[in-house]
Each structure stands twice: as structure tokens, then as C-alpha cells.
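Visitor: The structure follows.
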Amino acid sequence: MNSIHQKFIKKSIYQNKIDEKTTQCLICERKCKIMNENTGFCGTRMNMDGKIHSINYGNILAESINPIEKKPFYNFHPGSTAYTVGTYGCNFSCFWCQNYHLSHPDILIKDKVRNVKYYLSPEDLIEKAIENNCEGISISFNEPTLLFEYSLDVFKLAKKEGLYTTYVSNGYMTEDVANDLIDNGLDAINIDIKGDLEMVKRFCGADNDKIWRNAKLFVQNDVHVEITNLLIEGFNTDEIIIQNIIEHIKKSLGKSTPIHFTRAFPYFKSEKHSFTSSTEINILENAFEMAKSAGFDYVYLGNIYGKKGSNTICPNCGHLVIERSGFNINLSNIDDFGRCSYCGHLICER
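Residues in the sequence shown are numbered consecutively from -6, following our numbering.
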């Protein structure tokens, strides 16, 4: 315990003592049963003397000022910037991980942490955001649920300063954690739906139904939700899988939920699974048309170049209201309240 920076260590809010040697972590739906001096699947929760502790509180390994569109959020404070932070670890096992250098480091996280001294307090994070004229905070890069306790402290301070707060997540937190995020001011979350029930169980080690449950919970509690579906050719690009995801979003979250179909690249362990080249663009374009045919108001394409799937069209009057070229944003057809300048239809939060 003494070999890890004391400021990184924070008692976990949700846990269950099983016996003298084992305690269960209740932060995500893996609900790891962790023996003394060991860590759970994600590597960021450690059993110390019979109690689960986070060992990465304020252990920020990546920080940058990002356009909110990079998360991606296209219908939430468009054109703004978010001070974005992340750390090590993930509670999923995706072979295609696009941020594997943080999510799946090459040695145990508890060993990594022992060699790290940089600590970013919630107060200093907020100060950096304000100094850099950011309008919000984003917990991203790796799975933000692993910074849960840190997030709560950051969110409370952000609210006092009028900053928005966002997560970019796989959505696999427990209901208690989701409710705490809601109660402490989470404004928006982008949830990455990896595929259907079978694929998520096989490659991520997770229960897709729990992710859908959380997405619905956030929507019901007025958290802005956008959905990303990273399309991995040959694994989740069958039209039946895509159609089922589209219908599930429509039924559970509503057709006004923004959907981002994004192109996967063969990173991390992709080659071992014969995913060796980037997903074909026509697959993304087909998914785009399927979602539009299903009646969705806002459908976008990511990790590709071109106009298709980059702009926001008013679903009421059909006018172009937000034009995007990379991260250059033209908001001239949106008023200060996020409404279409032509017909007054509400497009986004501003």
C-alpha cells in the first residue's frame, strides 16, 4: 500500500465483504471478487486489508483540450471544447481496442502506478479547464467508470463553475454507480454499443442487456445520450446485427438519439482475429441509410473523410443547421438556445 502514491488511493464507494480474504467490487457489472492484495479485472481496484480501494484516483495519464465533436458529441454544446482526462485500465477485453495503450497497458496497472508520481487533483483539473477557456469536462480515453470516485468530486466542482460534464463509456457500470453519476451532475454520455448480445459476451466478457439498461436509465433522467457503434468488419457488420441495434435504440431511447457509426482500424490484437484492414466505407454508408430509413433524426459517420454523415440536418424542416468539416463547425443556422434558425425546432443543447 505504501508503494503506491497515497493520493491515488481512495476507498471504493460500492463493495461487499464476502469473507476474511475476499471482497466484491460493485463499481461495474463484472462485480469482481478480489482477494487480499490483488486487483480486479480492470486493474484499478485493489483489495487492501479486506477493503476495495481505487488505486488511480487523480492518476491522470492523458489530458488534452478537445473539441466536443471528438468524443463524439454532435448534438451537445457543438463547437465547444472540453478539458479531457483519462487513466489506465478497462473492464472490457475487446481485441479491437482503439485506445489500447491506455486501456490495456503492457504490465499490471498496480505496477505501472507505483512508478507514477503525477497527481491531478479535482481542483487543479477544474482550474486547468477554466484557464484554457474550456466549457466542459470529459472523462474519456479509457473507461471513465474506473475514475468513478474522482468523477464525482470533479463533477461537484464543475457544477459550481458552470462547466458541463461528460463521459465516453462502454456503459457497463452498476445501477448504483449510474444513479450516483446522475445525482452528481453528469450532463452527457456517449455509450459505445459494441454489437449484439453474443458478440459482446464473447469478445468483451459483458452482458449487453446491462448496457442497454443503463442507457435507458440515463435518458429517463435527462442525461443527454449519444450512441456510438464501432463497426468491425466481419464481426458486427452483418445487416441483421446493425438493424437490431438500430431498432433497440429506437425502442429504448427514441429516434431523436444521435447515432454515430464509426470505422474501426485493426489495432491491438486485431490481427490474431483476422481483422487486418479498416472497415470498408460502404459498410458505414449502408448502416447510415438503414438508420435514416428507420426514422432516426440524427445519424453520423466517424473516422472517415467526406461530407456524408458529418452534418446535422433539421429533422423538422430539412435545412442544414450544423455544417462540419473535420472539427471546423459552422453554427450560423442554430440560435443561442440550440434551435433551428429556420423553423425553431430544438436541435441540440448549447
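The beta carbon of each residue, even a glycine, is placed where N, CA and C say it ideally should be. Please read all numbers here as calculations on a predicted model, not as lab measurements.
What does the Cβ neighbour count give for F330, buried or exposed, with the cut at 16 atoms within 10 Å?
Guide: With fewer than 16 other Cβ atoms within 10 Å, it is exposed.
Visitor: Skipping 5 residues on each side, what residues in its chain have a beta carbon closer than 6 Å to that of M(-6)?
Guide: Confidence in M(-6) is poor, its pLDDT being 45 and thus under 50, which makes the residue's placement too unreliable to answer from.
Visitor: Compute the Euclidean distance between the alpha carbons of F148 and P251, then round it to the nearest angstrom.
Guide: Cα to Cα, F148 sits roughly 24 Å from P251.
Visitor: Between the Cα of Y298 and those of I204, E282, I225 and R256, spot the shortest distance and give me the residue it belongs to.
Guide: Taking only the C-alpha atoms, the option nearest Y298 is R256.
Visitor: Between E282 and N68, how many whole angstroms is the CB-CB distance? I'm expecting something under 8 Å.
Guide: Contact flag wrong, Cβ pair sits at about 20 Å.
Visitor: Is it true that the CB of N84 sits closer than 8 Å to the CB of C21?
Guide: Yes. Within cutoff.
Visitor: Check whether the Cβ atoms of Y160 and I132 sit closer than 8 Å, and answer yes or no.
Guide: Yes. Within cutoff.
Visitor: For the beta strand (DSSP E) holding M41, just list the boundary residues, first then last.
Guide: R38 to M41 is the extent of the beta strand (DSSP E) around M41.
Visitor: Less than 8 Å between the beta carbons of E232 and E273, yes or no?
Guide: No.
Visitor: Whole angstroms is fine: what's the gap from F320's alpha carbon to V314's?
Guide: If I take the Cα positions, the gap works out to 15 Å.
Visitor: Please report how far the alpha carbon of Y7 lies from the alpha carbon of P308, in whole angstroms.
Guide: Computed Cα separation, rounded: 42 Å.
Visitor: Return yes when the Cβ of T80 is within less than 8 Å of the Cβ of L54, no when it is not.
Guide: The answer is yes: Cβ separation under 8 Å.
Visitor: Taking only the alpha-carbon atoms, compute the straight-line gap between I327 and V292 and give it to the nearest angstrom.
Guide: Cα-Cα distance, rounded: 18 Å.
Visitor: Would you mind working out which of E168, C90, T138 and E116 sits nearest D146, comparing C-alpha positions?
Guide: When each option's Cα is compared against that of D146, the closest is E116.
Visitor: With a threshold of 8 Å between beta carbons, is A122 in contact with chain D?
Guide: The displayed structure is made up of one protein chain only, and chain D is not part of it.
Visitor: Taking Cβ positions, are I48 and F1 nearer each other than 8 Å?
Guide: Cβ distance < 8 Å, so I48 and F1 count as in contact.
Visitor: Suppose you measure from the CA of D104 to the CA of L324; what does that come to, to the nearest Å?
Guide: So the two alpha carbons sit approximately 47 Å from each other.
Visitor: Below 8 Å on the Cβ atoms is my contact criterion, and I expect V78 with L113 to pass it. Report the Cβ-Cβ distance as a whole number of Å.
Guide: Contact holds; Cβ gap of about 7 Å.
Visitor: Since V193 contacts N183 with CB under 8 Å, what's their CB separation in whole angstroms?
Guide: Their Cβ separation, rounded to whole angstroms, is 17 Å, which puts V193 and N183 out of contact at 8 Å.
Visitor: Note the first and the last residue of the continuous alpha helix (DSSP H) segment covering V170.
Guide: Its alpha helix (DSSP H) spans residues E168 to D176.
Visitor: Taking a contact to mean a Cβ-Cβ separation below 8 Å, would you say F254 touches W89 in this structure?
Guide: No, they are not a contact pair.
Visitor: Once you ignore the five residues that flank D189 on each side, which residues in its own chain have a CB closer than 8 Å to its CB?
Guide: N201, N229, I234, N237 and I238.
Visitor: Which complete beta strand (DSSP E) runs does the segment 115 to 188 hold, if anything under 3 residues is left out?
Guide: Those beta strand (DSSP E) runs which fall completely within the segment 115 to 188 and span 3+ residues are 129 to 132, 157 to 162 and 181 to 185.
Visitor: Using the C-alpha atoms, what's the distance from G311 back to K262?
Guide: Straight-line Cα distance between these residues: approximately 43 Å.
Visitor: Mind listing, in chain order, the continuous alpha helix (DSSP H) runs of no fewer than 4 residues lying wholly within the segment 253 to 287?
Guide: Those alpha helix (DSSP H) runs which fall completely within the segment 253 to 287 and span 4+ residues are 274 to 286.
Visitor: DSSP on I204, reduced to helix/strand/coil?
Guide: It is helical.
Visitor: With distances taken between CB atoms, is the gap from G43 to E62 smaller than 8 Å?
Guide: No, the Cβ-Cβ distance between G43 and E62 is not below 8 Å.
Visitor: If you follow the beta strand (DSSP E) that C91 is in, where does it begin and where does it stop?
Guide: Just to set this straight, residue 91 is Gln in the shown sequence, not Cys. Counting along the chain, Q91 falls outside any beta strand (DSSP E), and DSSP gives it neither H nor E.
Visitor: At the level of alpha carbons, what is the spacing between I123 and K153?
Guide: Rounded to whole angstroms, I123 to K153 spans 12 Å at the Cα level.
Visitor: Could you give the C-beta distance for K363 and T16, rounded to a whole number, given that I count them as a contact under 8 Å?
Guide: Residue 363 is absent from the model: the chain starts at -6 and stops at 343.
Visitor: Let me check one thing: in DSSP terms, what residues is A75 bridge-paired to?
Guide: According to DSSP, A75 bridges with N59 and G129.
Visitor: Leaving aside the five residues before and after C197 along the sequence, list all residues of the same chain whose C-beta is less than 7 Å from its C-beta, in chain order.
Guide: Only F85, S86, C87 and K187 meet the Cβ criterion.
Visitor: By alpha-carbon positions, which one of T167, S318 and S245 ends up nearest to P71?
Guide: Checking every option, the nearest Cα to that of P71 belongs to S318.
Visitor: Is A208 near F66, with beta carbons less than 8 Å apart?
Guide: No, they are not a contact pair.
Visitor: Thinking C-alpha only, which one of I306, S245, H266 and F134 is nearest K285?
Guide: If we check each option's Cα against that of K285, I306 comes out closest.
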